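Heads up: the structure comes next, in structure tokens.
Numbering (full-length UniProt numbering), first residue to last: 1 to 374.
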């Protein structure tokens with residue numbers, strides 16, 4: 001459950017980036033922390049009612065404030081951990097103006113809470129190997145020396161190049177998958193595998209290749225390791241998928257590699273390799289506030305028809321690496337028609353995305369921003 005200390009820390013952090021008022025509630029509808037300190041400790045009837053009735057959200061308009069005790073206009077949403085409700089947060093303000101912000105705040109709160117739980121579990125775990133795995137996925141700089149000492153105690157090289165493979169499976173099959181991985185003839189003494197807090201199987205596979213051969217051969221070696229495991233799981237009628245993350249040679253950076261695997265899994269990019277999706281990943285982590293700050297005024301100068309046409313044209317151009325022939329075929333239009341449409345935007349924006357990489361980046365990110373608004 002949410003404690004007061006964590007709730008206050010969330011309010012403090014989010015207040016640094018927003019002038020809106022926020023509240024955090026426990027499951028009884030009591031305000032644990034708030035931007036408006038005088039409201040702390042009070043009962044919030046709307047939040048309590050929302051949680052008691054298993055609703056994900058409740059919107060309080062000006063005309064129904066009087067229906068509840070201790071409320072102001074705004075939006076209340078539940079927050080969860082491992083798919084279980086742990087409380088709620090709220091944001092005060094006109095509901096139509098704050099909807100997107102409260103959803104970002106909800107995501108931020110849940111990630112902060114997950115991270116807090118992960119830290120506590122890692123520190124409380126007396127098993128040295130499990131504690132090592134927990135700290136490894138937290139990735140705090142102050143743990144670097146501790147991680148290296150723990151790795152040495154476990155006879156694990158701390159600077160060996162490793163790549164993570166995340167296996168997902170159905171509930172209750174995690175231990176079978178873990179055992180299958182550890183029994184592989186290609187599972188070496190410098191490899192390690194464990195069940196994460198998210199109930200996924202994580203393998204950090206050592207890669208013994210020179211830098212000149214690494215990108216030529218690492219997939220071949222990984223398939224040699226992965227394929228027999230997949231065959232065994234198939235024979236046992238166990239469903240699975242796997243996702244390959246980024247190389248790391250520093251224990252304190254392993255949490256990045258794990259995060260990259262999770263990113264692939266969250267997007268259902270089955271049996272995929274992170275390095276095939278670098279562009280998509282970088283684009284996905286750009287804060288929408290940054291894109292809004294860059295493109296909002298530009299987007300408002302484009303009418304809805306122009307925005308739709310721009311998105312259709314440039315999303316296809318990007319998909320085909322700005323190859324005009326392939327793009328026109330995908331759009332089912334003549335190449336000259338595509339050039340005509342493209343020239344319209346070249347004149348409008350005074351740019352040339354076909355030949356200028358910076359202009360291409362401008363168009364690609366504007367396309368992403370427009371897509372977020374649809």
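All C-beta atoms, glycine included, are put in the ideal place defined by N, C-alpha and C.
Keep in mind that this is a model prediction, so the values were computed, not measured.
Look at the Cβ atom of residue i, then the Cβ atom of residue j, and state whether they are nearer than 9 Å.
{"i": "residue 117", "j": "residue 176", "result": "no"}
{"i": "residue 77", "j": "residue 2", "result": "no"}
{"i": "residue 31", "j": "residue 74", "result": "no"}
{"i": "residue 165", "j": "residue 246", "result": "no"}
{"i": "residue 225", "j": "residue 201", "result": "no"}
{"i": "residue 137", "j": "residue 281", "result": "no"}
{"i": "residue 295", "j": "residue 369", "result": "yes"}
{"i": "residue 291", "j": "residue 317", "result": "no"}
{"i": "residue 42", "j": "residue 90", "result": "no"}
{"i": "residue 184", "j": "residue 228", "result": "yes"}
{"i": "residue 93", "j": "residue 27", "result": "no"}
{"i": "residue 103", "j": "residue 132", "result": "no"}
{"i": "residue 352", "j": "residue 344", "result": "no"}
{"i": "residue 249", "j": "residue 135", "result": "no"}
{"i": "residue 335", "j": "residue 262", "result": "no"}
{"i": "residue 180", "j": "residue 232", "result": "yes"}
{"i": "residue 51", "j": "residue 85", "result": "yes"}
{"i": "residue 14", "j": "residue 6", "result": "no"}
{"i": "residue 374", "j": "residue 274", "result": "no"}
{"i": "residue 372", "j": "residue 278", "result": "no"}
Tell me the DSSP secondary structure of residue i in three-state form.
{"i": "residue 163", "result": "strand"}
{"i": "residue 340", "result": "helix"}
{"i": "residue 186", "result": "coil"}
{"i": "residue 205", "result": "strand"}
{"i": "residue 247", "result": "coil"}
{"i": "residue 169", "result": "strand"}
{"i": "residue 21", "result": "strand"}
{"i": "residue 334", "result": "coil"}
{"i": "residue 42", "result": "coil"}
{"i": "residue 199", "result": "coil"}
{"i": "residue 156", "result": "coil"}
Quick check: what's the CA-CA separation for residue i versus residue j?
{"i": "residue 269", "j": "residue 322", "result": "24 Å"}
{"i": "residue 109", "j": "residue 234", "result": "38 Å"}
{"i": "residue 101", "j": "residue 24", "result": "15 Å"}
{"i": "residue 217", "j": "residue 304", "result": "48 Å"}
{"i": "residue 105", "j": "residue 153", "result": "40 Å"}
{"i": "residue 20", "j": "residue 349", "result": "35 Å"}
{"i": "residue 11", "j": "residue 113", "result": "13 Å"}
{"i": "residue 276", "j": "residue 260", "result": "12 Å"}
{"i": "residue 297", "j": "residue 251", "result": "44 Å"}
{"i": "residue 330", "j": "residue 354", "result": "17 Å"}
{"i": "residue 327", "j": "residue 320", "result": "6 Å"}
{"i": "residue 307", "j": "residue 362", "result": "15 Å"}
{"i": "residue 67", "j": "residue 97", "result": "22 Å"}
{"i": "residue 338", "j": "residue 324", "result": "8 Å"}
{"i": "residue 313", "j": "residue 285", "result": "24 Å"}
{"i": "residue 208", "j": "residue 173", "result": "30 Å"}
{"i": "residue 82", "j": "residue 257", "result": "22 Å"}
{"i": "residue 264", "j": "residue 271", "result": "9 Å"}
{"i": "residue 129", "j": "residue 55", "result": "40 Å"}
Mind checking which residues open and close the beta strand (DSSP E) that includes residue i?
{"i": "residue 81", "result": "74–81"}
{"i": "residue 269", "result": "Counting along the chain, residue 269 falls outside any beta strand (DSSP E), and DSSP gives it neither H nor E."}
{"i": "residue 242", "result": "240–244"}
{"i": "residue 85", "result": "84–92"}
{"i": "residue 57", "result": "57–60"}
{"i": "residue 363", "result": "No beta strand (DSSP E) contains residue 363, which is instead part of the alpha helix (DSSP H) from 357–373."}
{"i": "residue 195", "result": "192–195"}
If I follow the unbroken alpha helix (DSSP H) through residue i, where does it start and stop?
{"i": "residue 30", "result": "Neither: residue 30 is in no alpha helix (DSSP H) and is coded neither H nor E."}
{"i": "residue 138", "result": "128–138"}
{"i": "residue 351", "result": "Counting along the chain, residue 351 falls outside any alpha helix (DSSP H), and DSSP gives it neither H nor E."}
{"i": "residue 5", "result": "4–15"}
{"i": "residue 151", "result": "144–153"}
{"i": "residue 302", "result": "No alpha helix (DSSP H) holds residue 302; DSSP gives it neither H nor E."}
{"i": "residue 225", "result": "214–235"}
{"i": "residue 278", "result": "278–284"}
{"i": "residue 325", "result": "324–331"}
{"i": "residue 45", "result": "45–52"}
Taking 9 Å as the CB-CB cut-off, is residue i touching chain B?
{"i": "residue 282", "result": "The displayed structure is made up of one protein chain only, and chain B is not part of it."}
Got a sec: does the ligand MN put a non-hydrogen atom nearer than 8 Å to the Cβ of residue i?
{"i": "residue 349", "result": "Although the ligand MN was asked about, the structure shown includes no ligands whatsoever."}
Cβ contact (3+ pairs, closer than 8 Å) linking the stretch 57–66 and the stretch 23–43 | No, because fewer than three Cβ pairs between the stretch 57–66 and the stretch 23–43 fall closer than 8 Å, the two stretches do not touch.
Does the pairing of the stretch 244–259 with the stretch 175–194 give three or more beta-carbon distances under 8 Å?
-> As far as the Cβ criterion goes, the stretch 244–259 does not touch the stretch 175–194, which means the pair count is below three.
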